[in-house]
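Colleague: Dumping the structure here so I can ask a few things about it.
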Amino acid sequence: MGLQEKKAAQTIKDEYLGAYQKELNEIVGKELPIEINWDSFNLNAIKFIPSVCLQRTVDAFKGLCSDTFGKEAVQESINSISVDNIPEEGADTQKSLKLEDGVFKIKASYGGHYSGFYTDDDIRKYLENTL
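Written out as structure tokens, the structure reads:
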């Protein structure tokens, strides 16, 4: 990760991550850390972390936890969220959502074509079918 990427990542951490983390914790009713693999993001993808990565993830949990059943399922089954950026080329077939050992893993391409990342509905539906 170069200097520009480090500065951009720090800006996201300082200006956005805390607020999204707080909102997510309130929605699910417990501490649910979002762990971003910053080294997997290039400068272009870092710019989309607030709007495409964080907002869509929080919105997915907002829909999922809109009732007691969803909220309880999340509280019992998910302990953290892991986010990795993947290369744009082939992202539409290489992206993945996986719940494993209490970690909800999102691998997507955040700086490219919309087919490389997940919508909040995609994330919510995956979790509803998995939990």
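Counting with the UniProt record's numbering, you get residues 1 to 131 for the letters of the sequence shown.
Even for Gly, the Cβ is constructed at its ideal location relative to N, Cα and C.
These figures come from a predicted structure and were not determined experimentally.
1. Give me whichever residues DSSP pairs with Ile-34 in a beta bridge.
2. Does the distance from the C-beta atom of Phe-117 to that of Ile-81 stay below 7 Å?
3. Does the separation of the CB atoms of Ala-91 and Ser-66 fall below 7 Å?
4. Suppose contacts are defined by Cβ-Cβ distances below 7 Å. Is Val-28 in contact with Val-58 by that definition?
5. Name the two residues that bound the continuous beta strand (DSSP E) containing Ile-106.
6. Are Ser-40 and Asn-85 touching if we call contact CB-CB under 7 Å?
7. What's the C-alpha gap between Asp-14 and Arg-56?
8. Which partner residues does Ser-96 have in the DSSP bridge list?
9. Out of Gly-18, Asn-37 and Tyr-16, state which residue places its alpha-carbon closest to the alpha-carbon of Met-1.
10. Report the three-state DSSP secondary structure of Leu-131 (helix, strand or coil).
11. Candidates Leu-131, Lys-47 and Thr-11: which alpha carbon is nearest Gly-112's?
12. Excluding the 5 residues flanking Glu-88 on each side, which residues of the same chain have their C-beta closer than 8 Å to its C-beta?
13. What does the alpha-carbon distance come out to for the pair Lys-107 and Lys-71?
Modeller: A quick look at the data gives this:
1. Ile-81
2. no
3. no
4. no
5. 103-108
6. yes
7. 19 Å
8. Lys-107
9. Asn-37
10. coil
11. Lys-47
12. Ser-109, Gly-111, Gly-112, His-113 and Gly-116
13. 23 Å
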